[in-house]
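Heads up: the structure comes next, in structure tokens.
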Amino acid sequence: MLLAIPASAATHSPGAPGIGDPYYPDYGNGGYDVSHYDLRLTYQPETDQLSGTATISARTTQDLSRFNLDFLLDVSEVRVNGAKAGFTTARQHELVVTPKTPLAKDTPMTVVVRYSGVPSSKSAYGFTAWQRTPDGGVAAGEPESAWWWFPSNDHPLDKATYDVSVAVPDGTQAISNGTLQSTSSRLGWTRWNWRENKPQATYLATLALGKFDITTGTSESGVPVINAYSKDLGDNDGAARASVERTGEILDWLTGYLGPYPFSSAGGYVPNTKAGYALETQSRVYYSPRQFANGSNTSVVVHELAHQWYGDSVSVKGWKDIWLNEGFARYAQWLWSEHEGEGTAQQLADYVYASYPADDPFWTVKPGDPGPDKQFHAAVYDRGALAVQALRNEIGDEAFFTLLKGWPRQHAYGNASVADFQKYAEQISGKPLAALFDTWLFQPSKPPAPAARAASLAKDPAPAQPKSWKKIQATNDVHTH
Numbered sequence: 011m012l013l014a015i016p017a018s019a020a021t022h023s024p025g026a027p028g029i030g031d032p033y034y035p036d037y038g039n040g041g042y043d044v045s046h047y048d049l050r051l052t053y054q055p056e057t058d059q060l061s062g063t064a065t066i067s068a069r070t071t072q073d074l075s076r077f078n079l080d081f082l083l084d085v086s087e088v089r090v091n092g093a094k095a096g097f098t099t100a101r102q103h104e105l106v107v108t109p110k111t112p113l114a115k116d117t118p119m120t121v122v123v124r125y126s127g128v129p130s131s132k133s134a135y136g137f138t139a140w141q142r143t144p145d146g147g148v149a150a151g152e153p154e155s156a157w158w159w160f161p162s163n164d165h166p167l168d169k170a171t172y173d174v175s176v177a178v179p180d181g182t183q184a185i186s187n188g189t190l191q192s193t194s195s196r197l198g199w200t201r202w203n204w205r206e207n208k209p210q211a212t213y214l215a216t217l218a219l220g221k222f223d224i225t226t227g228t229s230e231s232g233v234p235v236i237n238a239y240s241k242d243l244g245d246n247d248g249a250a251r252a253s254v255e256r257t258g259e260i261l262d263w264l265t266g267y268l269g270p271y272p273f274s275s276a277g278g279y280v281p282n283t284k285a286g287y288a289l290e291t292q293s294r295v296y297y298s299p300r301q302f303a304n305g306s307n308t309s310v311v312v313h314e315l316a317h318q319w320y321g322d323s324v325s326v327k328g329w330k331d332i333w334l335n336e337g338f339a340r341y342a343q344w345l346w347s348e349h350e351g352e353g354t355a356q357q358l359a360d361y362v363y364a365s366y367p368a369d370d371p372f373w374t375v376k377p378g379d380p381g382p383d384k385q386f387h388a389a390v391y392d393r394g395a396l397a398v399q400a401l402r403n404e405i406g407d408e409a410f411f412t413l414l415k416g417w418p419r420q421h422a423y424g425n426a427s428v429a430d431f432q433k434y435a436e437q438i439s440g441k442p443l444a445a446l447f448d449t450w451l452f453q454p455s456k457p458p459a460p461a462a463r464a465a466s467l468a469k470d471p472a473p474a475q476p477k478s479w480k481k482i483q484a485t486n487d488v489h490t491h
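Quick note, the sequence shown lines up with residues 11 to 491 if you use our numbering.
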């Protein structure tokens, strides 16, 4: 005899194991949307052992029988709305959770995951985003880093707010995003409590554990600034401080171009890591010491702070939209160069255009859709900024700077695509821009001289190298693994 299955039960189905990004099909997950992560962790620097509990507040977006989280550490228990849930692992970074009872669409869901592990012992796709340091560890990487320290829906489309509470041995500091709510000490351990109260993409969440010198201040516009420097930076210490301590000044300067700062605090940290990149981790930028190996470099600070508007507050819809992050952060460096008297944006654009002959592979990279293997290629930065200058020359300064400031306000704390930006630029300027966007962002070839001249570029076949160029070029590898 066959028993009838209730219609309500039959409609429940597993959430997709990926959010649908063509560059990274397995990243993120379907079936739910996260609103808040509450992470309560304990870390032992000597062994790199991390343990804790993640409480994830979410809401189902379908009738849900099963769902995935992106995670690498060892899980001991999962509960969904208070009831123990089944769980297993799949592929390289999937934690597959089966609730005791299927959940109807639009149901609030609290997921509690207890876990532990040694982050530095884990890798996925042949790399790790957890950097071991002499006195601790750091989680900072793009397009992924969350897998090494908390379970998540790991894609910029699913932003959430965060509470991060970390206990470390006395004398060790824990640095994360947002504002430091409090610290408390007990029995040789100190707990650091951080809160990011604005929506944040998972790759922008950061955690740094080690011995830091922490400085605090306030920008002239009233933004609290918290910076942290590893106590063993050696010869890079002075240059790092000389650069990062200008965060408040640079932040206020950027507001003149990009609008009000979108977060409740700002700052950066420089741990003793070997990697060479910097990353726009939300409200608390990660800088490697190598960014300052040749002396003070405020240009990289400008780049990462510009991302707080272009990349953090307004994040990509898909990773192919990376030009919206990198092209504009690089262009902010060009504006800073002009501010410092080290070369105008126009001079830098002319120099980039002239520096690469037509047969250089540089021009085969399409900033508007570079592909996952070229996502952080120098062309996404330099050709990307060249496209911004071409746009500025086409629509004029009044419309351009209105656009530059209006875009972060238009999509604050959300997501947008290159196509969305083109539509907005056409709306602000009143001009059709499809041909310009296609030429400068989507053609795998050097824009010909007539197109360059039409964009007021290539006036000089051999322009002099602007004084700021080497500092700017030094940030071309800021996101390499």
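Where a beta carbon is used, it is the ideal one built from N, C-alpha and C, also for glycine.
Because the structure is a prediction, the values reported are computed rather than measured.
{"query": "Beta-carbon spacing of residue 76, residue 117 below 8 angstroms", "result": "no"}
{"query": "N- and C-terminal bounds of the alpha helix (DSSP H) containing residue 257", "result": "257 to 268"}
{"query": "Limits of the beta strand (DSSP E) - the one that residue 365 falls within", "result": "First-last for residue 365: 355 to 365, but that is the alpha helix (DSSP H), not the beta strand (DSSP E)."}
{"query": "Other residues of its chain near residue 491: CB distance less than 6 angstroms, five sequence neighbours each side excluded", "result": "Because residue 491 carries a pLDDT of 38, less than 50, the predicted location of this residue cannot be relied on, and the following value inherits that uncertainty. Once the five neighbours on either side are set aside, the close Cβ partners of residue 491 are 137."}
{"query": "Distance CB(residue 63)-CB(residue 121) smaller than 8 angstroms", "result": "no"}
{"query": "Rounded straight-line distance, which links the Cα of residue 153 to that of residue 429", "result": "21 angstroms"}
{"query": "Other residues of its chain near residue 281: CB distance less than 7 angstroms, five sequence neighbours each side excluded", "result": "143, 148, 218, 220, 240"}
{"query": "Buried/exposed call for residue 94, threshold 16 Cβ in 10 Å", "result": "exposed"}
{"query": "Residue of 293, 353, 399 minimising C-alpha distance to residue 254", "result": "293"}
{"query": "Residue 273: CB within 7 angstroms of a non-hydrogen atom of the ligand FMN", "result": "Looking for the ligand FMN in the displayed structure turns up nothing, as the structure carries no ligands at all."}
{"query": "Three-state secondary structure (DSSP) of residue 159", "result": "coil"}
{"query": "According to DSSP, residues forming a beta bridge with residue 346", "result": "Its beta-bridge partners do not exist; DSSP assigns none."}
{"query": "Span of the alpha helix (DSSP H) around residue 417", "result": "407 to 420"}
{"query": "Whole-angstrom distance between residue 78 and residue 270, CA atom to CA atom", "result": "37 angstroms"}
{"query": "Runs of beta strand (DSSP E) wholly within the region 136 to 223 (minimum 3 residues, chain order)", "result": "140 to 143, 146 to 149, 170 to 179, 183 to 186, 189 to 196, 199 to 210, 217 to 220"}
{"query": "Sequence-distant residues of the same chain with beta carbon closer than 7 angstroms to residue 361, five excluded per side", "result": "473, 475, 476, 479"}
{"query": "Bounding residues of the beta strand (DSSP E) (the contiguous stretch that carries residue 67)", "result": "59 to 70"}
{"query": "Residue 158 versus residue 81 - alpha carbon distance", "result": "7 angstroms"}
{"query": "Residue 460, enclosing alpha helix (DSSP H) - first and last residue", "result": "459 to 464"}
{"query": "Cα-Cα separation between residue 268 and residue 234, rounded to whole angstroms", "result": "19 angstroms"}
{"query": "Stretch-stretch touch, CB-based, cutoff 8 angstroms, three pairs: the region 224 to 231 with the region 248 to 266", "result": "yes"}
{"query": "Residue 140 to residue 412 span [Cα, whole Å]", "result": "40 angstroms"}
{"query": "Segment contact flag, the region 314 to 331 with the region 174 to 184, C-beta cutoff 8 angstroms, min 3 pairs", "result": "no"}
{"query": "Residue 131 in three-state terms, based on DSSP", "result": "helix"}
{"query": "Per-residue burial, residue 39 [other beta carbons within 10 Å of its own, 16 or more giving buried]", "result": "buried"}
{"query": "Straight-line Cα distance separating residue 194 from residue 444", "result": "56 angstroms"}
{"query": "Buried versus exposed, by CB contacts within 10 Å (16 or more), residue 187", "result": "buried"}
{"query": "Counterpart residues of residue 303 in DSSP-defined beta bridges", "result": "BP columns for residue 303 are empty, so no partner."}
{"query": "Residues near residue 336 by beta carbon distance below 6 angstroms, same chain, minus five either side", "result": "390, 391, 394"}
{"query": "Beta-carbon proximity list for residue 224, same chain, < 6 angstroms, skipping 5 on both sides", "result": "238"}
{"query": "Own chain partners of residue 451 with C-beta closer than 6 angstroms, once the 5 adjacent residues on each side are dropped", "result": "377, 378, 397"}
{"query": "Range of the contiguous beta strand (DSSP E) that encloses residue 46", "result": "42 to 54"}
{"query": "Outcome for residue 135 when other beta-carbon atoms lying within 10 angstroms are tallied against a minimum of 16", "result": "exposed"}
{"query": "Straight-line gap, residue 17 to residue 214 (C-alpha atoms, nearest Å)", "result": "At residue 17 the pLDDT is 44, less than 50, meaning the model places this residue with poor confidence; the figure from the coordinates comes in the next sentence. Going by the C-alpha atoms only, they are around 41 angstroms apart."}
{"query": "Contact check, residue 528 vs residue 74, beta carbons under 8 angstroms", "result": "The chain is shown from 11 up to 491; residue 528 falls before or after that span and cannot be answered."}
{"query": "DSSP-derived helix/strand/coil call for residue 425", "result": "strand"}
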